[in-house]
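Since the structure comes first, as structure tokens, the remarks are kept for the end.
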Amino acid sequence: MSDFSVLILDKKPGETSFKSLNEVKRCHKGSKVGHTGTLDKFATGIMVVLTGEATKLNPLFSGMDKKYKATIKFGTQTDTLDPEGEIIYQAEKPTLEELNKSIKKYIGDIKQVPPEYSAIHVNGKRAYERIRSGEEVVMAERDVTIYNSSLISFDGEVAVLDTHVSKGTYIRSLARDIAISASSRGYLTALDRYEVGPYSRADITGPTNTLENTHELIKRVCKEELILDKNYKKKAINGFLDKKGIIFSSSNEDTYYRILIDDLLFGVALKEGSRYSIIALTERGNT
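Residues in the sequence shown are numbered from 16 upward in steps of one, following the numbering used here.
Structure follows, in structure tokens:
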């Protein structure tokens, strides 16, 4: 059995996404470990982490939408758009009417300019590295979707926003733009990602997980399945998925399929046309 797991972690504030994987790496020593969506150092919340062979399933998880609770302080803006930066602008605070109007403006398909202090590559180098070395960086706008945003509270200076967004959305940028549109300035003082796709804190696993629970987590993003005759297991382990060995397929669509043998997760395959390609297996090597 090779290392193959999907983990749901709850990142703490004050540590980078990379550092938050340290315990996972200790528990999965010698295996590749990766997460499917970075959280800023000051932020908290859900991270989907893949280990071993399961890291090859990143495309199944990287495009998921996300839900956040964002705390925005109005009247000032920092260069990083978060509490770790230096104040660069000051402005009047918005009225409740201005704020509500601005929030509604940023719902739907929008163009968004990512923060200059971000890990986006600009001509082969991360944007924040260029900024810190004194370079000027022009960030290209991108298409993102804000499915919904609602104001939870506002005391005249600090607002708490609940928002549901697409992949690639920067909540720091959303806070900046909402503030400017409301004739103010603002930055995030706290950010909590409480859902990623179908996952929430109810699914927290810690640094290890069973194959059975990993299977349950994968089911949510990979609905289709192939049932493989166990007599064809050896061929599959060595990279060949013989169509003759497929007992059942839940669909004929070109998409990802969970491979099952004797009701146990054996791997994931991708169907393109008439061909199935093995993406990842829970077992590798000769038997």
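All C-beta atoms in this analysis are idealised placements derived from N, C-alpha and C, irrespective of residue type, glycine included.
Around the Cβ of arginine 41, a 10 Å sphere holds fewer than 16 other Cβ atoms; the residue is exposed. Taking the CA atoms as reference points, methionine 62 sits about 14 Å from glutamate 38.
DSSP, read as helix, strand or coil, puts histidine 43 in coil.
Cβ atoms of aspartate 192 and tyrosine 121 come within 8 Å of each other, at about 6 Å. Annotation: the continuous beta strand (DSSP E) that includes isoleucine 261 extends over 261-264.
When secondary structure is reduced to three states using DSSP, tyrosine 214 falls in the strand class. Asparagine 73: member of the alpha helix (DSSP H) spanning 73-76, first to last residue. Under DSSP, alanine 284 forms a beta bridge with Tyr272 and Ile293. In the DSSP annotation of this structure, alanine 106 is not part of any beta strand (DSSP E), being labelled neither H nor E. A residue is called buried once 16 or more other Cβ atoms fall within 10 Å of its Cβ, and alanine 69 is buried on that count.
Look at alanine 155 here: in three-state DSSP terms it is coil, with no helix or strand label. Our two residues, lysine 88 and asparagine 163, have alpha carbons roughly 20 Å apart in a direct line.
DSSP places alanine 174 in the strand class (E or B) of the three-state scheme. Counting of Cβ neighbours within 10 angstroms places leucine 111 among the exposed residues, the total staying below 16.
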